[in-house]
Structures are given as C-alpha cells and as structure tokens.
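In the working numbering, the protein residues as written are 538 to 1184.
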Amino acid sequence: MNFADYALGEPITDTKAPAGPVAERWDTRRFEAKLVNPANRRKHRVIVVGTGLAGGSAGATLAEQGYQVVQFCFQDSPRRAHSIAAQGGINAAKNYRNDGDSVHRLFYDTVKGGDFRARESNVHRLAQISVEIIDQCVAQGVPFAREYGGLLDTRSFGGVQVSRTFYARGQTGQQLLLGAYQALSRQIAAGHVEMHARTEMLDLIVVDGRARGIVARDLVTGEISTHYADAVVLATGGYGNVFYLSTNAMNSNATAVWRAHRRGAYFANPCFTQIHPTCIPRTGDHQSKLTLMSESLRNDGRIWVPKAKGDTRPAAEIPEDERDYYLERIYPSFGNLVPRDIASRAAKNVCDEGRGVGPGGQGVYLDFADAIRRMGRGAVEEKYGNLFDMYERITAENPYEVPMRIYPAVHYTMGGLWVDYDLQTTVPGLFAIGEANFSDHGANRLGASALMQGLADGYFVLPATINDYLARHPHAEPVTDDHPAVREVLAETEDRLALLLSVDGDRTPDSFHRELGELMWEHCGMARTEEGLREALARIPGIREEFWRRIKVPGTGEEFNQSLEKANRIVDYLELAELMCLDALHRAESCGGHFREESQTPDGEAARRDDEFAYAAAWEFNDGAAPVLHKEELTFEYVHPTQRSYA
Ligand SMILES: Cc1cc2nc3c(=O)[nH]c(=O)nc-3n(C[C@H](O)[C@H](O)[C@H](O)COP(=O)(O)OP(=O)(O)OC[C@H]3O[C@@H](n4cnc5c(N)ncnc54)[C@H](O)[C@@H]3O)c2cc1C
538 MNFADYALGE
548 PITDTKAPAG
558 PVAERWDTRR
568 FEAKLVNPAN
578 RRKHRVIVVG
588 TGLAGGSAGA
598 TLAEQGYQVV
608 QFCFQDSPRR
618 AHSIAAQGGI
628 NAAKNYRNDG
638 DSVHRLFYDT
648 VKGGDFRARE
658 SNVHRLAQIS
668 VEIIDQCVAQ
678 GVPFAREYGG
688 LLDTRSFGGV
698 QVSRTFYARG
708 QTGQQLLLGA
718 YQALSRQIAA
728 GHVEMHARTE
738 MLDLIVVDGR
748 ARGIVARDLV
758 TGEISTHYAD
768 AVVLATGGYG
778 NVFYLSTNAM
788 NSNATAVWRA
798 HRRGAYFANP
808 CFTQIHPTCI
818 PRTGDHQSKL
828 TLMSESLRND
838 GRIWVPKAKG
848 DTRPAAEIPE
858 DERDYYLERI
868 YPSFGNLVPR
878 DIASRAAKNV
888 CDEGRGVGPG
898 GQGVYLDFAD
908 AIRRMGRGAV
918 EEKYGNLFDM
928 YERITAENPY
938 EVPMRIYPAV
948 HYTMGGLWVD
958 YDLQTTVPGL
968 FAIGEANFSD
978 HGANRLGASA
988 LMQGLADGYF
998 VLPATINDYL
1008 ARHPHAEPVT
1018 DDHPAVREVL
1028 AETEDRLALL
1038 LSVDGDRTPD
1048 SFHRELGELM
1058 WEHCGMARTE
1068 EGLREALARI
1078 PGIREEFWRR
1088 IKVPGTGEEF
1098 NQSLEKANRI
1108 VDYLELAELM
1118 CLDALHRAES
1128 CGGHFREESQ
1138 TPDGEAARRD
1148 DEFAYAAAWE
1158 FNDGAAPVLH
1168 KEELTFEYVH
1178 PTQRSYA
C-alpha cells in the first residue's frame, strides 16, 4: 500500500448532537436516546477492549446497568493499563476555590486551548460532566488531596488562569484507575464481566456492515480466538508510540484502532500529536522510553536557560541577571503555565538558538530554588516528593539542590477514530472512547483533560448513548466462526502472523520501530515542513518493504512470544505513520501541536488558517489506493476563533 496522494470524499457531519443551546444538548440527547429495558439488558453482550480509565469505567458501568460485558486487555491485570502512569491530575469545573471558574470557562479554555479544532457540543458536554466525575470518584474512595478544611485541593495546569486540577499527589491516574478497577472487579466477581487479561485484539469482525466481534490472541499460549457481541467498544488508548520514543507505556500500541480503520472506521486528525514540554531529556541511543515530569511541576518550578549562547557553567554559577526565564518574559500573563504546545515550541526555539543546557544542548532548566525559598523544602516535598524521587533515580541529580533538566517529548495523541456525539465510529456498532477517539481536544489537549475525558466517556457518555444503538438493534442474528466474514478475518490474521514468523530475516522488530520513530520525530514531530513531510512519505514505503523482507521473529506463534507481538504492532505503525504524514502534509496551517513552519506569524507564533482548515479531517481507508478525506466542518457559535494569545 502506498499513499501517494489522497482523494476528496463527501463531507461528513455529526448527526447526533442535538440543535439548541449548547448547555442543553446533552440533556436533550439523553432524553431523545432510546433506552433498553433493564430486563432486556442482560440479553445484550458488549465487548470492551481496554481497561484503562476509559475502558475500566465503561465496563464497570455497563455491567452495573445489566449488560453482559466481555472485556480485554493485554496487561496481566486490568489495573496495569497505561492510565496508571498519569501523574498530575484531572480537571473539573467545581470552582471550590471561588476563583472565577465555571462550566462555561472550562468549555471556553478547552476550545481555545485546542486551537479551535474541536466540536463545541462535545467540549461543552465534557465540561458539564467534569463535576460529576469528581463526585463519582470521591464516592468510590479515590484519595484526592485535601485542604486543611477538608475540601478537595486543586492546582493549576497549563493554558488556564484558575485552579481546577484535582490530584492525588503525583499518582492521580493510579488512584483513579484503582477506583475504576474496584468497580470493575465487583462486576467480574458478580459474573457480569468476563475478563480476558493478556489477550490482544488483532482485528475487528464486521458482519453486514455492523461491528459484531473481534479476533484476539492469547499472549501467553498464542491461541487465536473469536468473540462476538452486539456492539464493540474500543478503549485502547493513544498511538504516540509510533514515534518509538515517547512517554507512553512501552506496550501501548495502535493495532486495535488501525485494524478498525482498515475495516471501515474513519481516522480523524491523525497528525495531531501532543509534545509535552517537561520530560527528562534523552541521554543516548540506548533508550527505549522517555519519562514525563508532570506538568503540575510548572505550578512552582521556573523554566529558564542562560541568556548567552553556549554558556556551559553549572546552573548555580549563572547569576540571576544572566538567566532568561523565557516563558515569563514572552508570555507574562500565563508565564510558566502556557499550554503544552507553546511551552514545547519555546523550549525548542531556545535550544535551536544554542542556549540549551545539558548534554548536546537539548534541555532547559526547571528550577525549584525560588519555591523552596518561598514555601520551604517540606512543602515542596509534600506536593511533588514522588516526582522528585523519580527524577533523582533516573538522572542521579538531586532536584532539591540543582534544577531539573527537561525537554519536550511525544506524549499524547489528539487524533484517533472519528466518532459522532454518541461516540460511535463510522462502523455502526463500533464505539471508541478515551484517548482512542479524536473527539474533544482539537489540535492541542490541555493538561489534566485526558483523565477527565476518559472518565466522562466511560462512566457517563457511552453508557447513555450505547443504549440507543442497542435499543434500535434488539435481536441481532448470532454470528459464528463459519460465517464467511469471520473466516476471512481469521485467515488474514493467521496469515499475517505466519508471514512474520516465516520471513526469518536479519533485523529485529525494534530496529525497524526505531528507524520509523526517528523519521517521524524528525519530519512529523515538533515542527513540520512540506519538504520534510514529503521526504518521510517517500521513505516510509521503503522501510515497509524492507520490513517484510528482513524482519526476524524468533520462536513460534503457539507460545509467549514478545518479538511476534512487537512485529505485529510495527506492521500497523508502518501504515499509520504514512497517514499521519499525509494528514500533516495536507493541513498547510499551524494549529496546536501541528506546527507547520511555512505557516507562522511574523513573531514566530503558529498561524492558523481558519478560512481553509476549520475542519476535522476524517480519513477513510481505501485498500491499496489513495485514502479518502472527508471533512467535518467545525462551526463556532459560542467561542469565536481568534489568534490564541497567552501574552
Ligand atoms: C506519563 C503520563 C502521564 C500522564 N498524566 C496525565 C495527567 O496527569 N492527567 C491527564 O489528564 N492525563 C495524563 N496523561 C494522559 C492519560 O494518562 C491518557 O491519555 C489516558 O490515561 C488514556 O486512557 P485510556 O483509558 O484511553 O487508555 P489506556 O490507559 O492507554 O488504556 C488502554 C487499554 O487498552 C488495552 N489495549 C490496547 N490495545 C489493545 C488491544 N489491541 N487488545 C487488547 N487490549 C488493548 C490496554 O491493555 C489498556 O487496558 C498522562 C500520560 C502519560 C503518558
């Protein structure tokens, strides 16, 4: 398959969001959606792939409603999903601080933060539901940080001027996931959730145009199995690992969403990748993973580089007036708390100017000296202690004594499967939730909004909207393994694995993954140009061709075989990467995480081009031929597009 070009298809629209005032749309949709009588729910099976915050909360809630849930994850336990890594917090418009927050402000901040490339209806719903999430999690016993008076404590994240981020030290994802896992475990024990851990979905089964099941592989025994249901939910997380080095868990991958895409689900805005500004810099070629230092650190840490190029003195020897606190200088209103896309680009710019610190000049300082002076070491330790410990374990430097060094790295993918307001993809009966869908963050996700979206989708949105689909398709004919559509998918899966095992070449899966990742980082990373993207598009088919000629997968398919797992995931990365570059190439504007060097303001800020690109790009797979682009026009009735300003 070569994506030489693309074809323009019919526009696509979201037909599920009701008309009327934005604040009433969610109530209207819930009221208009059909319901399934509680006694009939147990007759419906729903497959949920994924047990992170989105999948865990969805599986637990659907089972609690009475549906039969069949759930999958590739980890050894649902509670080891990648969501466990989330550190900083979760947003909610509770306004406990009385600092001017409201549902409307969270809505406004998110639409603006996403650089006006998200749907207003979805974002408003997200802001409304944010307050319910906190209540739900507190009721489950999630140990959020509290103030001395007992109210939940909050802190600030980038791109906002209020304090609305709820947290549990630097382990918010872990604590929230334990809450969802608890609820899921209750349903597993009650027999309403059939849990398949260490089982990876390898393909989607579509029968008569509807999603009816999945093909999965037991990662321990290698057994391939089929599973059927009335609807399939993908909660499989993001695809940032296409870049090889990212802050994601190493086994996070794109197979589920990419296979669904190949079976008819449109893929939206694949080029919208978030580069997080505060990661521990890369130290060499030996690394297979990067580590995030939470954005919460920007509440108290100050970011700076030396004013002079090539200044290699230790930080302590650089006097105050020879330091450039560049975010505070360029963006005085938001200072160190500008959104991630802006902070990342600014770090890249100062490093490109030759003012970066640490090995290779690929770093900037995140300095807590002022905070320690102001609050005392004890208070800093209480707020960020586990993050400081983690930093010290990795770098062997004590951040209480010397500033941390940080640099941007791939962190999150705003793109994903296109879904309508009901979170249904273009394949009827296939839903996508959490980071796996494209819905709410536009071209740049604000910090602490992914956990909010995953839990909004899983606890609240999907359980309300999937009823409507199931009520309208009450008694689907059972599907069995001898159905021609199933036989075809099974044969394709088995052939692909057999081919990977049979090539017997001389290169490891990791070597191809690294090569692809480096190419993507160089040409489809923090800054992109037409020339670079064309070069990547020219080179990827060659890597793919070489992969199928030289890949070496030792062992067999009938056993625990991590090389086979990896190689199979790289097959999908090699195709997805091409679509990402094509999407980035066609979007000849800068917006959010997508910075096209040709599209800048005179002072070097990203220049959006609303007249041409105010749409979500939904790509249709077109086996062997050019992908088809369907544009979903975005309209803004409440938050009018402006050039984002954080100065
Ligand atoms: C280091 C780090 C820190 C972060 N901190 C924050 C934060 O403080 N606040 C915030 O809002 N966001 C944060 N994020 C982002 C946030 O953690 C993620 O976006 C979010 O947790 C994704 O949740 P999810 O449920 O969609 O997917 P995941 O948690 O990624 O779960 C995916 C699930 O799908 C399963 N799966 C995937 N593919 C398959 C397959 N083919 N077959 C079977 N199972 C499959 C996996 O086993 C897993 O159970 C952070 C991200 C990182 C990397």
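Even glycine gets a Cβ: it sits at the ideal position worked out from N, Cα and C.
Cβ-heavy atom distance, residue i to ligand 1, below 7 Å
i: ILE508; result: Any question about residue 508 goes unanswered here, given that the chain covers just 538 to 1184.
i: ALA674; result: The sequence given here has Cys at residue 674, not Ala. No, the beta carbon of CYS674 sits no closer than 7 Å to any heavy atom of ligand 1.
i: GLY775; result: yes
i: GLN612; result: yes
i: GLN624; result: yes
i: ALA591; result: yes
i: PHE609; result: yes
i: SER639; result: no
i: SER667; result: no
i: SER722; result: no
i: LEU988; result: yes
i: VAL1201; result: Residue 1201 is absent from the model: the chain starts at 538 and stops at 1184.
i: GLY991; result: yes
i: ALA618; result: yes
i: ALA772; result: yes
i: ASN790; result: yes
i: SER976; result: no
i: ASN785; result: yes
i: THR763; result: no
i: HIS948; result: yes
Bounding residues of the beta strand (DSSP E) (the contiguous stretch that carries residue i)
i: ALA969; result: 967-969
i: TYR944; result: 941-950
i: LEU960; result: Neither: LEU960 is in no beta strand (DSSP E) and is coded neither H nor E.
i: SER976; result: Counting along the chain, SER976 falls outside any beta strand (DSSP E), and DSSP gives it neither H nor E.
i: HIS1167; result: 1165-1170
i: SER762; result: 761-765
i: GLU1157; result: 1152-1157
DSSP three-state assignment for residue i, whether helix, strand or coil
i: PHE905; result: coil
i: PRO1000; result: helix
i: PHE540; result: With a pLDDT of only 48 at PHE540, under 50, the local geometry of the prediction cannot be trusted, and the value read off the model is given with reservation. Coil at PHE540, not helix or strand.
i: ASP672; result: helix
i: GLU859; result: helix
i: ARG566; result: helix
i: PRO615; result: helix
i: LYS1103; result: helix
i: ALA1073; result: helix
i: TYR1110; result: helix
i: HIS733; result: strand
i: ASP1147; result: helix
i: ASN785; result: coil
i: TYR1006; result: helix
i: CYS1118; result: helix
i: ASP755; result: strand
i: ARG982; result: coil
i: ILE742; result: strand
i: VAL583; result: strand
i: ILE627; result: strand
i: GLY1094; result: coil
i: ILE1088; result: strand
i: PHE804; result: strand
i: LEU771; result: strand
i: GLY1161; result: coil
Beta-carbon separation (whole angstroms), residue i vs residue j, contact threshold 8 Å
i: ASP542; j: ALA1163; result: 5 Å
i: GLY750; j: HIS764; result: 5 Å
i: GLU628; j: LEU643; result: Correcting the residue type first, residue 628 is Asn in the shown sequence and not Glu. Right, the Cβ-Cβ distance comes to about 7 Å (below 8 Å), so this counts as a contact.
i: PRO615; j: MET732; result: 7 Å
Extent of the continuous alpha helix (DSSP H) run through residue i
i: SER881; result: 877-889
i: TYR928; result: 914-932
i: SER1048; result: 1046-1061
i: LEU1036; result: 1021-1040
i: VAL509; result: Residue 509 lies beyond the stretch modelled for the chain, which goes from 538 to 1184, so this question has no answer here.
i: SER594; result: 590-602
Neighbour flag for residue i against chain B, beta carbons, 8 Å
i: GLU854; result: Judged by its chain identifiers, the structure shown contains no chain B, having just a single protein chain.
Mind pulling the alpha helix (DSSP H) runs of 4 or more residues that sit fully within the region 632-710?
Every unbroken stretch of the alpha helix (DSSP H) spanning 4 or more residues and falling wholly within the region 632-710 is given here in chain order: 640-650 and 657-677.
Tell me the start and end of each unbroken beta strand (DSSP E) in the region 811-843 that is at least 3 residues and wholly inside, in chain order.
With a minimum length of 3 residues, the continuous beta strand (DSSP E) runs that stay inside the region 811-843 are 839-843.
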